[in-house]
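J.: Protein sequence lines correspond, in order, to chains A and B. Residue numbers for the first sequence follow the working numbering, beginning at 409 and rising by one. Residue numbers for the second sequence follow the working numbering, beginning at 6 and rising by one.
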Amino acid sequence: MMTLAVFLLLVYVSLLLESTWCMPCSLYPLHIDPLPALICWLALRSEPVPGVISVIIAGLATSLFSSLPFYLFPVSYLMAFLTVYLVRTNVLELPNTHAYLMTGFISVEILVVELSGSGNPELLWPWEIVQAVLNIAVSPLVFKICDKSLMAVTKISAKFCHEK
Amino acid sequence: MTGGLTLAVMTKTSIILPAEMFLQDADGRLQALLSSPFLQIRHIWESYVDLQDVNEENHVLKAQLAEMENEITTYREALIENRRLRQLLEIKKRAPWKSTVAHVVGTDIAPWRAVITIDVGRADGITPDMPVLCQGGLLGRVIDTSMHYSKVMLVTDYHSRIAAIVQRNRARGILKGDGARGCILDYVKKGVDVQSGDVIITSGLDGIFPKGLLIGKVKLVGRRERSDLFQYIGVKPTGNINEAEEVVVLMRPPVKNR
Numbered sequence: 409m410m411t412l413a414v415f416l417l418l419v420y421v422s423l424l425l426e427s428t429w430c431m432p433c434s435l436y437p438l439h440i441d442p443l444p445a446l447i448c449w450l451a452l453r454s455e456p457v458p459g460v461i462s463v464i465i466a467g468l469a470t471s472l473f474s475s476l477p478f479y480l481f482p483v484s485y486l487m488a489f490l491t492v493y494l495v496r497t498n499v500l501e502l503p504n505t506h507a508y509l510m511t512g513f514i515s516v517e518i519l520v521v522e523l524s525g526s527g528n529p530e531l532l533w534p535w536e537i538v539q540a541v542l543n544i545a546v547s548p549l550v551f552k553i554c555d556k557s558l559m560a561v562t563k564i565s566a567k568f569c570h571e572k
Numbered sequence: 006m007t008g009g010l011t012l013a014v015m016t017k018t019s020i021i022l023p024a025e026m027f028l029q030d031a032d033g034r035l036q037a038l039l040s041s042p043f044l045q046i047r048h049i050w051e052s053y054v055d056l057q058d059v060n061e062e063n064h065v066l067k068a069q070l071a072e073m074e075n076e077i078t079t080y081r082e083a084l085i086e087n088r089r090l091r092q093l094l095e096i097k098k099r100a101p102w103k104s105t106v107a108h109v110v111g112t113d114i115a116p117w118r119a120v121i122t123i124d125v126g127r128a129d130g131i132t133p134d135m136p137v138l139c140q141g142g143l144l145g146r147v148i149d150t151s152m153h154y155s156k157v158m159l160v161t162d163y164h165s166r167i168a169a170i171v172q173r174n175r176a177r178g179i180l181k182g183d184g185a186r187g188c189i190l191d192y193v194k195k196g197v198d199v200q201s202g203d204v205i206i207t208s209g210l211d212g213i214f215p216k217g218l219l220i221g222k223v224k225l226v227g228r229r230e231r232s233d234l235f236q237y238i239g240v241k242p243t244g245n246i247n248e249a250e251e252v253v254v255l256m257r258p259p260v261k262n263r
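1) Between B:Leu180 and B:Ala169, is the Cβ-Cβ spacing less than 7 Å?
2) List the DSSP bridge partners of B:His108.
3) To the nearest angstrom, how far is the alpha carbon of B:Lys194 from that of B:Arg173?
4) Which term fits B:Phe27, buried or exposed, when burial requires 16 or more other beta carbons within 10 angstroms of its beta carbon?
5) On the DSSP letters alone, give me the boundaries of the beta strand (DSSP E) that B:Met158 sits inside.
6) May I have the straight-line CA-CA distance separating A:Tyr508 from A:Leu532, to the nearest angstrom?
7) Taking the C-alpha atoms as reference points, what is the distance between B:Val157 and A:Ser475?
8) Using a Cβ-Cβ cut-off of 7 Å (strictly less than) and excluding sequence neighbours within five positions of A:Phe473, which residues of its own chain qualify?
9) Relative to the C-alpha of B:Trp102, which residue among B:Pro136, B:Gly182, B:Asn87 is closest?
10) Just to make sure I have the definition right: I need the residues of chain A whose C-beta is within less than 8 Å of the C-beta of B:Ala115. Which are they?
11) Suppose the cutoff is 6 Å on Cβ atoms and the five residues either side in sequence are ignored; what does the same chain contact list for B:Thr112 look like?
12) By the 8 Å beta-carbon criterion, what residues does the stretch 85-119 of chain B contribute toward chain A?
13) Evaluate the contact criterion for the stretch 541-552 of chain A versus the stretch 498-515 of chain A: three or more CB pairs, one atom per stretch, below 8 Å.
14) Can you give me the start and stop residues for the alpha helix (DSSP H) that A:Gly512 sits inside?
15) From the DSSP output, which residues share a beta bridge with B:Cys139?
16) For A:Ala451, which residues in the same chain have their Cβ closer than 7 Å to its Cβ, ignoring the five residues on either side in sequence?
17) In chain order, what residues of the same chain have a beta carbon less than 7 Å from the beta carbon of A:Ala469, not counting five sequence neighbours either side?
18) Would you verify that the beta carbon of B:Lys156 is, or is not, closer than 7 Å to some beta carbon of chain A?
19) May I ask you to report which of helix, strand or coil DSSP gives B:Gly33?
Quick look at the structure:
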């Protein structure tokens, strides 16, 4: 439950930051996008059903910040989540470096759905590859922030429960 | 008594005077030699004390400078804002319809979409398809509204289509968004004289934009394949598309008044 709360909170914060502060610093059409890394992190740590519900909620929240059709984000995020979850359930232990690479793979997956679905498939090559590499580069930091946040939230809730 | 008298007598004599002078000089040199380290030390000490004062003064001045710089930046920002708002006021005055000013508050999460969010919505009378202007020309049109915010599709968006004409020779075309490259004026037949620098304005034929709004200038007229019927005309929007902070939304009058 904590994992899902942390995931949704970080998704919302990153959406706000991406749609405001990243305005001047995006290198069109590249931009720093922590969402694929967040989805990868969630897929590696959560149960399937709550995870699926969370990524759908995250997708719907994202569509509020975009003019793309509202169903594109939930669909793309769901596919990405299931991909990582599938790998996770079939591989005994996924090292961190492989998790970062998975972020790259799912970035491509997400962009294929979003660009094709929004009528801009001509932008797929080579931009999506560069974006995926950028997302891989960002993922260690995102994973660290997620883990630290989860730890902090768990501690706070444990303290709160103990006091009660 | 006798010795004192003798000395008094001797000082007056010309024999003793050079010796006295020599001794005085020698004393003076010795004094100078002895006092020089002390003077040096005193000088260093005074310099140190001065330096301490200067250091403190430096800190104070630095703080004052930072404050002044901050103040100057504020004034400069106010001046720039004033200039921008004056320009917007001019746009409002010249606008064919009633208009309202809005601030840009966000951008689309999908970077390939040239869509921004502004802080006026249905509560302010904004409806979809209302034209939006910025300093320099047309910015785009409203595509979606909530109660207090609206989404504006910029002229450079890949999905943007505007009926446009070349101001010089009235050649008609459709202005398509082309992302970071600007726009393309499409469907202008080969053979029609279009030159680099020609001004592109809205034609009003699309029923969305009023006629005569400045969109941009032709930056490139290229050749296409021989089989193609139309010219390739690259257009650079004159509006500050990416730097717009305040925009003017033209409020479309009700249909019966149009």
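Even glycine gets a Cβ: it sits at the ideal position worked out from N, Cα and C.
T.: For this structure:
1) Your numbering for residue 180 of chain B matches position 175 in the second sequence. Your numbering for residue 169 of chain B matches position 164 in the second sequence. Yes, the Cβ-Cβ distance between B:Leu180 and B:Ala169 is below 7 Å.
2) One-based indexing of the second sequence puts residue 108 of chain B at position 103. Paired residues: B:Glu251.
3) Translated into positions along the second sequence, residue 194 of chain B becomes position 189. Translated into positions along the second sequence, residue 173 of chain B becomes position 168. Approximately 16 Å between the Cα atoms of the pair.
4) On the second sequence, residue 27 of chain B is found 22 positions in, with the first residue counted as 1. Counting Cβ neighbours within 10 Å, B:Phe27 comes out exposed, since fewer than 16 surround it.
5) On the second sequence, position 153 is the one that residue 158 of chain B refers to. Looking at the DSSP string, the run of the beta strand (DSSP E) that includes B:Met158 is 155-159.
6) In the first sequence, residue 508 of chain A corresponds to position 100, counting from 1. In the first sequence, residue 532 of chain A corresponds to position 124, counting from 1. If you take the alpha carbons of A:Tyr508 and A:Leu532, they lie about 21 Å apart.
7) Position 152 of the second sequence, counting from 1, holds the residue named residue 157 of chain B. Position 67 of the first sequence, counting from 1, holds the residue named residue 475 of chain A. The straight-line gap from Cα to Cα measures roughly 9 Å.
8) Position 65 of the first sequence, counted from the start, is the residue given in the question as residue 473 of chain A. Cβ within range, chain order: Leu423, Ser427.
9) Position 97 of the second sequence, counted from the start, is the residue given in the question as residue 102 of chain B. Looking at the Cα atoms, B:Pro136 is the closest of the given residues.
10) Counting from one through the second sequence, the residue named residue 115 of chain B turns up at place 110. Ser474, Ser475, Leu476, Glu522, Ser526, listed in chain order.
11) Along the second sequence, one-based indexing puts residue 112 of chain B at 107. Cβ neighbours of B:Thr112 beyond the five flanking positions: Ile121.
12) Val110, Gly111, Thr112, Asp113, Ile114, Ala115, Pro116, Trp117, Arg118
13) yes
14) As a position in the first sequence, residue 512 of chain A is number 104, starting the count at 1. A:Gly512 -> alpha helix (DSSP H) spans 504-525.
15) If you number the second sequence from 1, residue 139 of chain B lands on position 134. Partner(s): B:Gly142.
16) Your numbering for residue 451 of chain A matches position 43 in the first sequence. Within the same chain, A:Ala451 has close Cβ partners Gly459, Phe489, Val492, Tyr493, Arg496.
17) Taking the first sequence and counting its residues from 1, one reaches residue 469 of chain A at position 61. The answer, listed in chain order, is Val419, Tyr420, Leu423.
18) Your numbering for residue 156 of chain B matches position 151 in the second sequence. Answer yes: the Cβ-Cβ gap between B:Lys156 and chain A drops below 7 Å somewhere.
19) Here residue 33 of chain B refers to the residue found at position 28 of the second sequence. It is helical.
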